[in-house]
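In the UniProt record's numbering, the protein residues as written are 1 to 110.
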Amino acid sequence: NINTAAVWSTISAGNTFSNLQERLAIMNIPPLTYSMFQKIECFLSKEWEDRLWISIEKAGIEEYDIAISKGQVDENGLAWVVVYTDCGWSQRSYGHSYNASSGVAVIIGK
1 NINTAAVWST ISAGNTFSNL QERLAIMNIP PLTYSMFQKI ECFLSKEWED
51 RLWISIEKAG IEEYDIAISK GQVDENGLAW VVVYTDCGWS QRSYGHSYNA
101 SSGVAVIIGK
């Protein structure tokens, strides 16, 4: 629904409830209440976490199958995988210090 999309886009852009209120006011759209914003934010958080774990488990099974097919198994019968990793977060300064409270990370199987 439109409220969920509004909250999703707000969170994804790193913005807040106040920012959403300002954007809606500019467009002359009735605002969400703070409690509605929080309710949708909690729903999205749970939904994203559930989908993340499904994706991680699926990728793990795929990497396991690839490792087994390549014979990448240790003396205990455990499959192993070579991976590349990278991560980061934003840091910027406009006359003051700023560090983002979130970041990004990636793990890629070789």
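The C-beta atom is built at its ideal place from N, Cα and C for all residues, glycine as well.
Just so it is clear, the structure is predicted and the values come from calculations on it, not from any experiment.
query	result
Burial state of residue 138, where buried means 16 or more other Cβ atoms lie within 10 Å	Absent from the model: residue 138. The displayed extent of the chain is 1 to 110, so no value can be given.
With 16 other Cβ atoms within 10 Å as the buried cut-off, status of L52	exposed
For G88, the residue or residues it bridges with in DSSP	V104
Cβ neighbour criterion (16 or more within 10 Å) applied to V7	buried
Assumed close pair W89, S69 - CB separation to whole angstroms, cut-off 8 Å	Not really, about 36 Å apart at Cβ, beyond 8 Å.
Sequence-distant residues of the same chain with beta carbon closer than 8 Å to M36, five excluded per side	N3
Alpha carbon of L78 to alpha carbon of K39, nearest angstrom	43 Å
Beta-carbon proximity of I66 to T85, cut-off 8 Å	no
CA nearest to the CA of Q21, picked from G60, I54, T33 and V81	T33
Residues that DSSP places opposite A79 in a beta bridge	V73
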